[in-house]
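Numbering follows my numbering, with no gaps: position 264 of the sequence shown is 272.
First the structure, in the form of structure tokens, and then the observations on it.
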Amino acid sequence: MLPLLRYTLDLFANAEPHAPKLAKTPKPTKGKRAGARPQEPSDAPAQAADPKQLLSGAAAPGDDNAAKLPLVSALRHPQANREICLDGAHVAYAFTRAKRRSIGFSVGLEGLSVRAPSWLTRGAVDAALQAKSDWILRKLRDSGQRLDKHQSRHLEWRDGVSFPYLGERLTVVLEPDLQPGAHQLCEQAQGPVLYMALSRSVPAVELRVAVQAWLMAQASALFKVRLNHFAPELGVQWQRLALSNARTRWGSANSDGVIRLNWRLLHFPMLVLDYVVVHELSHLRVMNHSPAFWATVAAVLPDYRSHRRALKDDVAPHWH
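Structural data, given as structure tokens:
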């Protein structure tokens, strides 16, 4: 009998503390020895789907399933190598084999990713996907809406560009009279203003790189301050901070004490940033998302759920 399949989610997908359980795996049919070696998994590429079928994720008028079908943009992962039909939606997902004891699903801006043990048959993977079809389609729909909203917040890199910064709106002003390489952050009535020693005709890509470099320096310094603030409260010690530029994950931690945080967290209010810091530090005590883990987070941030919702509902600007 196959073991109960455990689902893992990255932070960006906002895993629920108590995910619904899978339906039990059917018992072996009569005449088949329990515990027998499972059929070798087949990794043959799935037959390419008709593009019109992929676009059929939008249900026809009057279809009762229309409300739960995801947006087309979320149906096909860029690295998709398998496909499955879930409640009328053709979902193309990225599938990989891994040295693990359970199957893991991750839903991010790019779509659905699935990682499974090497011994698990393709039929068992398909059955797990079907069992969780409601959850998968809901997450894909949310992800598609976030992606559309994310892309709608494309930044136009020019003098006066502005974006969210720690709960305020930061405006970038190009000031060629400043000493080369200099920058000044000033608080003004309308919000913070960052003066940068760049020509007002600077190419957009050069301006973007310069602003990103400044933000990453700010992130590194601020993250270390917040890590040092919360680590004693949790009774843990972090060893090293690494900045992340990932699109689908806000942070991660490993048992060696290495904390990875996405510099784009500076686009969110401080309380949201603190939630991610506490989330990752809590993993140094509990390396999973069990009730014990969430209790650890709540011991430091009792209202962490509201910050999780803010991280899910708000969308960082689109930088490229």
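Yeah, the Cβ is synthetic: ideal placement off N, Cα and C, and Gly gets one too.
Element boundaries [beta strand (DSSP E), containing residue i]
{"i": "Leu269", "result": "266 to 270"}
{"i": "Leu182", "result": "176 to 182"}
{"i": "Ser170", "result": "170 to 173"}
{"i": "Ser209", "result": "No beta strand (DSSP E) holds Ser209; DSSP gives it neither H nor E."}
{"i": "Arg255", "result": "First-last for Arg255: undefined, no H or E at that position."}
Buried versus exposed call for residue i [16 or more other C-beta atoms within 10 Å across all chains shown]
{"i": "Asn236", "result": "exposed"}
{"i": "Asn270", "result": "buried"}
{"i": "Pro59", "result": "With a pLDDT of 29 at Pro59, under the threshold of 50, the modelled position of this residue cannot be trusted, and the question is left open."}
{"i": "Gly259", "result": "buried"}
{"i": "Arg41", "result": "Bear in mind that a pLDDT of 36 at Arg41, under 50, signals an unreliable position, so the number given afterwards is only what the model happens to contain. That one is exposed."}
{"i": "Gln47", "result": "The predicted model places Gln47 with a pLDDT of 40, which falls under 50 and marks its position as unreliable, so this point remains unresolved."}
{"i": "Leu193", "result": "exposed"}
{"i": "Ala250", "result": "exposed"}
{"i": "Ala338", "result": "This structure leaves residue 338 out entirely; the chain is present only between 9 and 328."}
{"i": "Val213", "result": "exposed"}
{"i": "Ala132", "result": "buried"}
{"i": "Ala303", "result": "exposed"}
Residue i versus residue j: straight-line alpha-carbon distance, rounded
{"i": "Gln245", "j": "Val305", "result": "15 Å"}
{"i": "Arg208", "j": "Thr179", "result": "14 Å"}
{"i": "Pro325", "j": "Ser228", "result": "19 Å"}
{"i": "His291", "j": "Ala205", "result": "41 Å"}
{"i": "Val233", "j": "Trp127", "result": "45 Å"}
{"i": "Ser298", "j": "Gly112", "result": "15 Å"}
{"i": "Leu94", "j": "Val217", "result": "41 Å"}
{"i": "His287", "j": "Arg316", "result": "10 Å"}
{"i": "Pro211", "j": "Asp167", "result": "10 Å"}
{"i": "Asn89", "j": "Lys320", "result": "28 Å"}
{"i": "Phe238", "j": "Gly199", "result": "28 Å"}
{"i": "Ala190", "j": "Val181", "result": "12 Å"}
{"i": "Ala307", "j": "Asn296", "result": "16 Å"}
{"i": "Val266", "j": "Leu289", "result": "10 Å"}
{"i": "Lys197", "j": "Phe171", "result": "According to the sequence displayed, residue 197 carries Ala and not Lys. Each residue's alpha carbon lies about 16 Å from the other."}
{"i": "Ser110", "j": "Ala139", "result": "15 Å"}
{"i": "Ser314", "j": "Asp185", "result": "44 Å"}
{"i": "Tyr101", "j": "Arg130", "result": "13 Å"}
{"i": "Ala97", "j": "Leu83", "result": "8 Å"}
{"i": "Ile144", "j": "Leu137", "result": "8 Å"}
{"i": "Asp264", "j": "Val294", "result": "13 Å"}
{"i": "Arg268", "j": "Ser252", "result": "6 Å"}
{"i": "Phe301", "j": "Arg272", "result": "25 Å"}
{"i": "Asp150", "j": "Arg257", "result": "15 Å"}
{"i": "Gln187", "j": "Gln247", "result": "36 Å"}
{"i": "Glu183", "j": "Thr104", "result": "49 Å"}
{"i": "Pro240", "j": "Tyr173", "result": "27 Å"}
{"i": "Val285", "j": "Gln87", "result": "30 Å"}
{"i": "Leu223", "j": "Arg177", "result": "14 Å"}
{"i": "Asn262", "j": "Glu195", "result": "37 Å"}
{"i": "Trp327", "j": "Val99", "result": "27 Å"}
{"i": "Tyr312", "j": "Phe276", "result": "15 Å"}
{"i": "Arg123", "j": "Phe231", "result": "31 Å"}
Residue i: first and last residue of the uninterrupted alpha helix (DSSP H) it sits in
{"i": "Ala212", "result": "212 to 242"}
{"i": "Gln198", "result": "Looking at the DSSP string, Gln198 is not in any alpha helix (DSSP H), and its letter there is neither H nor E."}
Short Cβ contact (8 Å threshold) for residue i with residue j
{"i": "Asp142", "j": "Ile92", "result": "no"}
{"i": "Arg162", "j": "Ser121", "result": "According to the sequence displayed, residue 162 carries His and not Arg. No, Cβ-Cβ distance for His162 and Ser121 is not below 8 Å."}
{"i": "Leu148", "j": "Val115", "result": "yes"}
{"i": "Gly119", "j": "Met278", "result": "no"}
{"i": "Pro125", "j": "Arg108", "result": "yes"}
{"i": "Ala318", "j": "Val280", "result": "yes"}
{"i": "Leu336", "j": "Tyr283", "result": "The displayed coordinates of the chain run from 9 to 328. Any statement about residue 336 would go beyond what the structure contains."}
{"i": "Gln220", "j": "Leu274", "result": "no"}
{"i": "Leu202", "j": "Trp165", "result": "no"}
Legend entry - Contained alpha helix (DSSP H) runs [length at least 4] in the segment 257 to 327, N- to C-terminal order: 278 to 290, 299 to 308, 312 to 321
Legend entry - Ranges of the alpha helix (DSSP H) found wholly within the segment 72 to 141, counting only runs of at least 4: 130 to 139
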